Amino acid sequence: MKVFSHNTPEFRMIDEFNRKRVLHLRVEEMFGALNKICTAGSNESVIAVIGPTGVGKSALLRQFVSGINVAFEAAMEKDPAMLPAVYLELPTPIAGDANWKDIFIRLLNAMKEPMVDRKTAHALHPDSRRKEMNYSPRGVAEELRRSLLDCVHNRNTKVIVLDEGRNLFYSRSSLRHSLQLDLVKSLSNDIKIPIVIGSSYDLLNTENFHGQLARRTRILHFERYSEADLVKGNPYGNSFRSALYSLLHALPVQWDRDFLKHSDYFLMYSVGCIGILKNWLERSLVDAVDLNKPVDAALIEKNRFKQKDLRLILDEAKSGEEQLADISDDEFARNFSFAQRPSLALPTDQPSPSQSKPARSRQKPGVRGPSRDKVGADL
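Under the working numbering, the residues of the sequence shown are numbered 187 to 565, in order.
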């Protein structure tokens, strides 16, 4: 993709399109769920926003944080130290392990905490009046954690958002790998506010979850659009067409109006992800600006992603969707050996499935019952 110099008309055209945001139905649903959980005093300590690559998770989370900070503008004017929401994109660990010390430092910097590089665990050496003891990096990490707790309290922070959550689980040790989400939950319990993690479906791996953690983690599925949504009258299909229309109209150059008749084509080659669709159109726009021509079918065909890459994204999405799919009530009832699914709709005078089973005899097979044998002769 060609890069244009700053302060050129071409750069401004592309930058304007890049900053375009589309509010579609999937995003509206996620905003509603996040606002309900994070601002209504919910008991969930960790909220995981999970979806396929390119669906728009990062844009969603940034906009969510911005929206919370705007909602608290009046309170922030009265208390300039207040910072309602904090966003941090987790870096890929250089050494192969998630570095919590680095994460704490980045969070404190994002919250504009002063003198972060001076945070350390101080104590006097027992054999000297003024000499300081040498502390391990772990001790410094614990001090940074306490500093974060104080900072959240002093700044009256309501929610912390950690994007690219999969970077938490890069680890050379299987033991540390399994502890990462536990550490997030523990941190959330300490600071008493929700922590939102944005991640791909990698977070659903069984080594990341266990029963207690699954109970305490709220998973919000940020779904892509599918071919089934394009059925006439489907609100999700209408939303995808509307998003396509908005992005095409945001192009600062001429484009083929017949594109609007082929929403199925754009859905297939974007895997139903608005983020991929937007990136695809932006690549086409760069070529159009460079060649000084409209965005036509040839440019769209040229700049679409390779089918093998799209198939990889699609396979990962389908696998994640299967992992998140719930089991049926009847299947769950069979796990409890119920003959039929218990229901609150049963009439009050009708026995429940467990009560309606005939009582089983405790007598062993082949053993006579305790009946009295006849004695004496009949007269």
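The beta-carbon is built from N, C-alpha and C at its ideal position, and this holds for glycine as well.
Only a predicted model underlies this, so the values are computations on that prediction, with no experimental measurement involved.
| Item | Value |
| --- | --- |
| Note down the Cα distance separating residue 510 from residue 192, rounded to an integer number of angstroms. | 44 angstroms |
| Return helix, strand or coil for residue 191, following the three-state DSSP convention. | coil |
| Does any CB atom of chain E fall closer than 8 angstroms to the CB of residue 418? | Within the model displayed, chain E is absent; a lone protein chain is all it includes. |
| Quick one: using the 10 Å Cβ neighbour count with 16 as the cut-off for buried, is residue 278 buried or exposed? | exposed |
| Do you know offhand how far residue 417's Cα is from residue 451's? | 14 angstroms |
| Measuring alpha carbon to alpha carbon, tell me which of 481, 408, 467, 471 ends up nearest residue 503. | 408 |
| Let's test the definition: count the other Cβ atoms within 10 Å of the Cβ of residue 526 and tell me whether it reaches 16, buried, or not, exposed. | exposed |
| Looking at the structure shown, is residue 356 part of a helix, part of a strand, or coil, going by DSSP? | coil |
| Find the nearest neighbour of residue 493 within the set 467, 478, 456, judged by alpha-carbon distance. | 456 |
| Is it a yes or a no for the region 198–216 touching the region 375–387, going by three-plus beta-carbon pairs under 8 angstroms? | no |
| For the beta strand (DSSP E) holding residue 234, just list the boundary residues, first then last. | 232–236 |
| For residue 319, does the three-state DSSP call read helix, strand or coil? | In this prediction, residue 319 scores a pLDDT of 38, lower than 50, which makes its location untrustworthy; the coordinate-derived value is nonetheless stated afterwards. The answer is coil: DSSP assigns residue 319 none of H, G, I, E or B. |
| Are the beta-carbon atoms of residue 426 and residue 462 separated by less than 8 angstroms? | no |
| Spatial neighbours of residue 196 within its chain, please: CB distance less than 6 angstroms, with the 5 preceding and 5 following residues excluded, ordered by chain position. | 190, 475 |
| Are residue 402 and residue 251 touching if we call contact CB-CB under 8 angstroms? | no |
| From the DSSP output, in three-state form, read off residue 164 for me. | Residue 164 lies beyond the stretch modelled for the chain, which goes from 187 to 565, so this question has no answer here. |
| What residue from 384, 453, 477 has the CA that sits closest to residue 354's CA? | 384 |
| If you follow the beta strand (DSSP E) that residue 406 is in, where does it begin and where does it stop? | 403–407 |
| Measuring alpha carbon to alpha carbon, tell me which residue in 437, 332, 459, 428 is nearest residue 447. | 428 |
| Do the region 286–302 and the region 334–351 meet, that is, are 3 or more Cβ pairs less than 8 angstroms apart? | yes |
| With DSSP collapsed to three states, give me the class of residue 385. | strand |
| Where do the ends of the beta strand (DSSP E) carrying residue 273 lie? | 271–275 |
| Using alpha carbons as the reference points, say which of 346, 265, 386, 468 lies closest to residue 271. | 346 |
| Where DSSP assigns a beta bridge to residue 567, which residues make up the other side? | Because residue 567 is not part of the residues shown, which for the chain are 187 to 565, the question remains open. |
| With contact counted as at least three CB pairs below 8 angstroms, one residue from each stretch, are the region 254–267 and the region 231–245 in contact? | no |
| Considering Cα atoms alone, identify which of 441, 372, 497, 460 is closest to residue 484. | 441 |
| With DSSP run on the structure shown, which of helix, strand or coil describes residue 311? | Any reading at residue 311 is ruled out, since the residue's pLDDT is 41, under 50, leaving its predicted position unreliable. |
| Buried or exposed: where does residue 486 fall if 16 or more other Cβ atoms within 10 Å of its Cβ makes it buried? | buried |
| Does the beta-carbon distance from residue 330 to residue 291 come in below 8 angstroms? | yes |
| What's the C-alpha gap between residue 439 and residue 280? | 42 angstroms |
| Suppose you measure from the CA of residue 328 to the CA of residue 214; what does that come to, to the nearest Å? | 38 angstroms |
| So for residue 209, helix, strand or coil by DSSP? | coil |
| Expressed to the nearest angstrom, what Euclidean distance is found between the alpha-carbon atoms of residue 471 and residue 268? | 41 angstroms |
| Report all residues from its chain with a CB closer than 7 angstroms to the CB of residue 421; omit the five preceding and five following residues, and keep chain order. | 211 |
| Identify which residue in 406, 202, 498 has its Cα closest to the Cα of residue 221. | 406 |
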